[in-house]
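Numbering (full-length UniProt numbering), first residue to last: 1 to 128.
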């Protein structure tokens with residue numbers, strides 16, 4: 001729990017305060033590297049979920065990045081359940097709405113990226 005909470009709270013502390021050298025900074029959610037990190041986070045979320053249906057991002061709340069031995073992406077998003085089963089392609093799936101099956105969660109993902117090694121790791125995820 002604290003493994004995930006510490007980086008998240010460290011990122012929150014920098015919001016609204018003076019920029020801390022080496023600390024997390026706000027970045028554009030449309031940046032291609034952010035989109036790759038988000039796609040990776042959702043792939044890992046869906047792989048680890050016990051639900052038989054896929055989830056997709058319906059809203060990006062905030063994105064921050066931090067230079068470490070690579071790059072940490074702090075992704076705060078809203079996700080929703082689809083009618084697509086886990087073995088299907090997520091690209092054609094849309095969120096369920098106005099149905100008893102509809103479920104949404106607010107999630108925070110931390111993705112560690114080392115692009116020169118073609119490496120990503122989901123450091124933590126917290127959804128509620």
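C-beta atoms are modelled at their ideal positions from N, C-alpha and C, and glycine is treated no differently.
Predicted model, so just to flag it, every value in this text is computed and none were measured.
For the options 114, 81, 49, 37, the alpha carbon positioned closest to that of residue 63 is the one of 37. Collapsing the DSSP output to three states places residue 126 in a strand. When only Cα atoms are considered, residue 31 and residue 21 end up about 22 Å apart. Taking the Cα positions, residue 4 is about 10 Å away from residue 122.
The Cβ neighbour count for residue 42, taken over all protein chains shown within 10 Å, is at least 16; the residue is labelled buried. Across the set 71, 69, 128, 68, the C-alpha of 128 shows the shortest separation from the C-alpha of residue 107. For residue 59, the beta-bridge partners assigned by DSSP are 78. Residue 93 and residue 104 do not touch by the CB rule: their CB atoms are close to 14 Å apart, not below 8 Å. About 37 Å separates the beta carbons of residue 70 and residue 97, which is beyond the 8 Å limit, so they are not a contact pair. Taking every protein chain shown into account, the CB of residue 66 has 16 or more other CB atoms within 10 angstroms, so this residue is buried. The closest CA to that of residue 51, considering only 27, 87, 77, is found on 87.
Beta-bridge analysis with DSSP links residue 95 to 82.
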